[in-house]
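Have a look at the structure below, then the notes.
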Amino acid sequence: FSEFVPSIDRRFVEFKGFVVPSIKCILLSFIKLSLDSWTGFDCSQYRYMKNVPEKIKFLDIGTCFNPFAKVLYFEVTVADLCPSTDDVLQTDFLNVQIKSMENPTVGLENNTVTYLPTIYYECVVFSLLLEYMPSSEQRINCCSKAYELLRPQGILIIITPDSDHVGRNAVLMKNWRHTFNCLGFMRIRFEKLPHITCLVFRKSVDPRISARWCILHKESYMTFSLKIPQDNKSNTLAVPSRKKRKSAYSPEVILSRKMEEYPRVDL
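The sequence shown runs 17 to 283 under the working numbering.
Put into structure tokens, the structure is as follows:
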């Protein structure tokens with residue numbers, strides 16, 4: 017800062033012959049703009065926990081059995097459209113009601129979920145679920161419900177089938193990230209396994225954070241959609257066969273032609 021020469025007005029300084037805003041002025045302006053942009057932000061619900069809960073409230077949607085029942089530190093709510101075991105609740109997640117209540121509880125009637133409490137779960141899992149929904153709009157609706165159910169900084173885990181190499185559906189996965197950011201999530205984990213893709217998203221403390229990410233990182237092809245490879249299966253190009261065609265000058269073709277030129281001789 018030795019090159020800075022204070023001017024008469026402390027809001028500005030002379031730097032190499034140019035009059036520019038001072039560092040203090042820039043910082044104060046930045047803080048003011050930041051505070052103005054966060055008007056209406058409620059900080060009361062974003063505090064450190066005084067007491068860590070004994071069990072994590074865990075919602076598993078679309079699992080016909082209950083694979084997390086044996087995990088002692090999970091308080092599991094598992095539901096499916098067509099359960100296969102008695103400990104799995106029945107519900108249509110796309111049409112289930114989400115309620116805001118002081119004492120949150122899961123609404124049950126004859127082993128059927130009638131409503132779910134908002135801002136209640138620390139973790140929501142969609143394991144091999146979204147691909148069974150026939151449209152992008154239904155998948156977005158499903159993930160929007162997960163946002164309402166999750167507590168601040170809660171995580172959404174998605175497992176989707178994908179047997180192709182990681183680059184084959186890279187454009188779709190990037191568009192997924194854009195869409196989830198629009199919904200208020202931030203992706204924190206991506207892992208491609210031989211036959212599935214695993215994604216972990218965290219609910220932003222404020223949806224404007226993820227919305228800002230969308231503005232900064234949006235590319236021309238990105239749209240608000242959650243498409244899967246099966247959606248455009250009829251429009252995809254056929255993968256060329258890796259089987260090599262025999263050249264007209266290959267040894268096998270030349271030999272077969274030569275054999276045809278000579279008459280067959282019985283020995």
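Where a beta carbon is used, it is the ideal one built from N, C-alpha and C, also for glycine. Keep in mind that this is a model prediction, so the values were computed, not measured.
DSSP three-state call for residue i: helix, strand or coil?
i, result
"valine 187", "helix"
"serine 143", "strand"
"proline 223", "helix"
"alanine 162", "helix"
"threonine 195", "helix"
"leucine 232", "helix"
With 16 other CB atoms within 10 Å as the buried threshold, where does residue i fall?
i, result
"phenylalanine 240", "exposed"
"glycine 183", "exposed"
"threonine 130", "exposed"
"aspartate 96", "buried"
"leucine 253", "Because the pLDDT of leucine 253 is 38, which lies under 50, any placement of that residue in the model is unreliable, and the question is left without a value."
"alanine 329", "Residue 329 is absent from the structure shown; the chain starts at 17 and stops at 283."
"valine 199", "Position check: residue 199 holds leucine in this sequence, whereas valine was assumed. The residue is buried, with at least 16 neighbouring Cβ atoms inside 10 Å."
"serine 220", "buried"
"leucine 124", "exposed"
"lysine 161", "buried"
"proline 210", "exposed"
State the CB to CB distance for the pair residue i and residue j, rounded to an integer number of angstroms; the pair is presumed to be in contact (CB under 8 Å).
i, j, result
"isoleucine 175", "serine 143", "5 Å"
"isoleucine 114", "leucine 132", "5 Å"
"phenylalanine 206", "cysteine 159", "The pair is not a contact, with the Cβ atoms about 16 Å apart (cut-off 8 Å)."
Based on the DSSP secondary-structure assignment, which residues constitute the bridge partners of residue i?
i, result
"isoleucine 204", "In DSSP, isoleucine 204 forms no bridge with anything."
"proline 133", "Lys115"
"leucine 97", "In DSSP, leucine 97 forms no bridge with anything."
"arginine 218", "Ile171, Met202"
"lysine 73", "Glu91"
"proline 295", "Nothing about residue 295 can be read from this structure; the chain reaches only from 17 to 283."
"glycine 123", "Tyr131"
"leucine 105", "Ala95"
Indicate whether the contact test is met: 3 or more Cβ pairs, each with one atom in the region 136-151 and one in the region 74-83, closer than 8 Å. Taking 8 Å as the limit for Cβ pairs, the verdict is that the region 74-83 does touch the region 136-151.
Are there three or more Cβ pairs, one per stretch, closer than 8 Å when the region 177-192 is compared with the region 99-118? Three or more beta-carbon pairs separated by less than 8 Å are not found between the region 177-192 and the region 99-118, which leaves the two stretches without contact.
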